[in-house]
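Protein chains in written order, with the UniProt record's numbering: chain A, 1 to 186; chain B, 1 to 186.
There are 2 protein chains.
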Amino acid sequence: MLQEAAFELFLENSYAGTTVDQIAQRAGVSRNTFFNYFPSKSDVFWVDLDESLGLLMESLRASSTDTPVMSAIRDALLAVASDFGPNRVPWALTQYSMIGSVHELQASAMSRLSAQAHVLGSFVADRLPAGARGLGRAASFAAFGAAVAAAQDWANAGTTRGEFGPYLDAAVTPVCRGFQGAIDAL
Amino acid sequence: MLQEAAFELFLENSYAGTTVDQIAQRAGVSRNTFFNYFPSKSDVFWVDLDESLGLLMESLRASSTDTPVMSAIRDALLAVASDFGPNRVPWALTQYSMIGSVHELQASAMSRLSAQAHVLGSFVADRLPAGARGLGRAASFAAFGAAVAAAQDWANAGTTRGEFGPYLDAAVTPVCRGFQGAIDAL
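Right, dumping it as structure tokens:
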């Protein structure tokens, strides 16, 4: 409800022109209720991204330590992507240019991804010998970079885009292959 | 001069607590002179990054079209990195946590890198057959991601860090190898 109300208002009045009070009012709840669900206005905007990143880390933590770490990352990314069919393009990916504040929203997405790349980097580093930890961090940031490019290409592909999985697979597999090769060669 | 004045003030009064007027005054120039050099306060902060990104694209545009495109990216990144000896760590990388506004500054760095990854992506895509352009964009974003991880590791390594080149090489070579393999397999 809160998310729907927020997205309606962003389209009507722009992102910058929408306040938390307006979102709460449209959804028929109090300002305090809004803040029970979302720490800030940008959190309601990026709820799909944050959910996906949460699922990614859950899936990774559940992965067997016998799986080569780059395969575990690829599997976890593709598992999260399998939620996104042709018609479930996150609203943020297709609509962000319609609601103004493009620069501010891109920056907030990048800062969320960067924070999460650190979390992923620590996870990968912990599965690698001490001398390979820098490689694990680089692999995490590279995989996220490739995933961002894939998400943009997929969103831009229009109604014939199909599912997200193949886009993500094509972008992330070379990263995983390259880094697994470098890790194995250590 | 403007950069030095700005960095002094950021350390004294924090990034958020420093105005363009104060920077101009400390450097002994007018506000207009400041804006002749920098479009905004964050541009004076990221001058090293912006210069490096400019050099990167210059070096890439000068590269031979006979060179495999991922080798051209790797060569160009390493050429830019060769400017950074152990004692030329960009101020922004070591001091940003001292001047407050960490979140805001990270977001502005990420948005600059993201814009530049698009420029790099278009360059790579133009050197690839139509069916491989998505791969070129993914490669560009992945290479930038790996370079960000390498720069952070290098800055964090302290006074025994040595030059930036080897950090960047270790992080970016697996990306380039993975994507060149995928491009060749098309």
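Glycine included, every Cβ here is placed at the ideal spot set by N, Cα and C.
{"Item": "N- and C-terminal bounds of the alpha helix (DSSP H) containing residue 174(A)", "Value": "164-184"}
{"Item": "Distance CB(residue 145(B))-CB(residue 141(A)) smaller than 8 Å", "Value": "yes"}
{"Item": "Reference residue 95(B); option with closest CA among 19(B), 39(B) and 9(B)", "Value": "9(B)"}
{"Item": "Rounded separation between residue 7(A) and residue 109(B) - CA only", "Value": "27 Å"}
{"Item": "Extent of the continuous alpha helix (DSSP H) run through residue 69(A)", "Value": "69-81"}
{"Item": "Closest Cα partner of residue 174(A) within the set 147(A), 155(A), 159(A) and 158(A)", "Value": "147(A)"}
{"Item": "Contact set between residue 171(B) and chain A, taken where Cβ atoms lie within less than 9 Å", "Value": "134, 135, 137, 138, 139, 141 and 142"}
{"Item": "The segment 73-83 of chain A contacting the segment 161-172 of chain A, beta-carbon criterion three pairs below 8 Å", "Value": "yes"}
{"Item": "Chain-ordered chain B contacts of residue 116(A) [CB-CB under 8 Å]", "Value": "The contacting residues do not exist; residue 116(A) stays about 12 Å from chain B at best."}
{"Item": "Within chain A, the residues that residue 57(B) reaches when beta carbons sit closer than 8 Å", "Value": "In chain order: nothing, as chain A lies at least about 17 Å away."}
{"Item": "Any C-beta of chain B under 8 Å from that of residue 1(A)", "Value": "no"}
{"Item": "Rounded distance between the beta-carbons of residue 119(B) and residue 190(B), thought under 8 Å", "Value": "The structure shown has nothing for residue 190(B), since chain B only spans 1 to 186."}
{"Item": "Chain B residues whose Cβ lies nearer than 7 Å to that of residue 164(A)", "Value": "What residue 164(A) touches in chain B: nothing, since even the nearest Cβ is about 13 Å away."}
{"Item": "Any C-beta of chain B under 8 Å from that of residue 149(A)", "Value": "yes"}
{"Item": "Interface flag, residue 107(A) vs chain B, CB-CB below 8 Å", "Value": "yes"}
{"Item": "Test: residue 86(B) CB closer than 8 Å to a CB of chain A", "Value": "no"}
{"Item": "Distance CB(residue 105(A))-CB(residue 45(A)) smaller than 8 Å", "Value": "yes"}
{"Item": "Where the alpha helix (DSSP H) containing residue 154(A) begins and where it ends", "Value": "133-156"}
{"Item": "Chain-ordered residues of the segment 72-86 of chain A with a beta carbon less than 7 Å from chain B", "Value": "none"}
{"Item": "Neighbourhood of residue 127(A) by C-beta distance below 6 Å, restricted to the same chain and skipping five residues each side", "Value": "69"}
{"Item": "N-terminal and C-terminal residue of the alpha helix (DSSP H) that residue 37(B) is part of", "Value": "31-37"}
{"Item": "Heavy atom of the ligand ATP within 7 Å of residue 151(B) beta-carbon", "Value": "For the ligand ATP, the structure offers nothing, since it holds no ligand at all."}
{"Item": "Residue 181(B) at chain A interface by Cβ criterion, 8 Å", "Value": "yes"}
{"Item": "Within chain B, partners of residue 174(A) - CB distance below 9 Å", "Value": "135, 138, 139, 142, 175, 177, 178, 179, 180, 181, 182 and 183"}
{"Item": "Rounded straight-line distance, which links the Cα of residue 55(B) to that of residue 47(B)", "Value": "12 Å"}
{"Item": "Distance, residue 112(B) Cα to residue 101(B) Cα", "Value": "17 Å"}
{"Item": "Own chain, CB closer than 7 Å to residue 20(A), minus 5 neighbours either side, in chain order", "Value": "31, 34 and 41"}
{"Item": "Residue 153(B) classed as buried or exposed, judged by whether at least 16 other C-beta atoms fall within 10 angstroms", "Value": "buried"}
{"Item": "Within 8 Å, strictly: CB atoms of residue 163(B) and residue 84(B)", "Value": "yes"}
{"Item": "Length of the line joining the Cα atoms of residue 159(A) and residue 24(B)", "Value": "51 Å"}
{"Item": "Proximal residues to residue 39(A) (C-beta, below 8 Å), its chain only, five neighbours per side dropped", "Value": "none"}
{"Item": "Under the three-state DSSP convention, the category residue 15(B) falls into", "Value": "coil"}
{"Item": "DSSP-derived helix/strand/coil call for residue 124(A)", "Value": "helix"}
{"Item": "Cβ distance (whole Å) where residue 52(B) is taken to contact residue 165(B) below 8 Å", "Value": "Actually they are not in contact, since the Cβ atoms of residue 52(B) and residue 165(B) sit about 13 Å apart, beyond 8 Å."}
{"Item": "Contacts that residue 153(A) makes with chain B (C-beta to C-beta distance below 9 Å)", "Value": "133, 134, 137 and 138"}
{"Item": "Residue-chain proximity (residue 145(A), chain B), Cβ-Cβ < 8 Å", "Value": "yes"}
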